[in-house]
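Structure, as structure tokens:
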Amino acid sequence: MSRICELTGKGRQVGNNVSHANNKTKRTFLPNLQNVTLMSESLEKSVRLRVSTHGLRSVEHNGGLDNWLVKTSEDKLSLRCRRLKREIAKKLSTTAEAA
């Protein structure tokens, strides 16, 4: 399983370990990924995602998973999240037509 956040697209970064003698060796910085279950209010179901802690804070700041997916561009999202975004948009459009 790749080390990429499904919501933000945040992945690994490459840098250097620098010793006291100023020797430089390559290393990777991995994002802090967590397996979380987020609730979709419009679909009324829970979704398991692999999300970075930065992404999780962003979701909470935007008022939940549905608001986050509506506001985020599709190029950052994983395939599962893109499908979820389309489902939510479809559900929101049908409820807007009914009202």
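Residue 101 in the working numbering is what sits at position 36 of the sequence shown, and the numbering runs on without skipping anything.
We put the beta carbon where it would ideally sit given N, CA and C, even for glycine.
Cβ pair residue i, residue j closer than 8 Å
| i | j | result |
| --- | --- | --- |
| R68 | L108 | no |
| M104 | L130 | yes |
| K75 | S117 | yes |
Paired residues, beta bridge with residue i - DSSP
| i | result |
| --- | --- |
| S117 | L98 |
| S111 | M104 |
| V83 | K89 |
Classification of residue i by the beta-carbon crowding that lies within 10 angstroms, buried from 16 upward
| i | result |
| --- | --- |
| K155 | exposed |
| G128 | exposed |
| L95 | exposed |
| T110 | For clarity, residue 110 is Lys in the given sequence; the question names Thr instead. Classification of K110: exposed, given that the 10 Å Cβ count is below 16. |
| T137 | buried |
Nearest-angstrom Cβ-Cβ length linking residue i and residue j, presumed shorter than 8 Å
| i | j | result |
| --- | --- | --- |
| E100 | R115 | Here residue 100 is Asn; the residue named in the question, Glu, does not match the sequence. Indeed they touch by this definition, with Cβ atoms about 6 Å apart. |
| T93 | V83 | With a Cβ gap of about 15 Å, T93 and V83 do not count as contacting. |
| R148 | E71 | At roughly 11 Å, the Cβ-Cβ gap does not stay under 8 Å, so R148 and E71 are not in contact. |
| N81 | T73 | Their Cβ separation, rounded to whole angstroms, is 25 Å, which puts N81 and T73 out of contact at 8 Å. |
| V135 | I153 | 7 Å |
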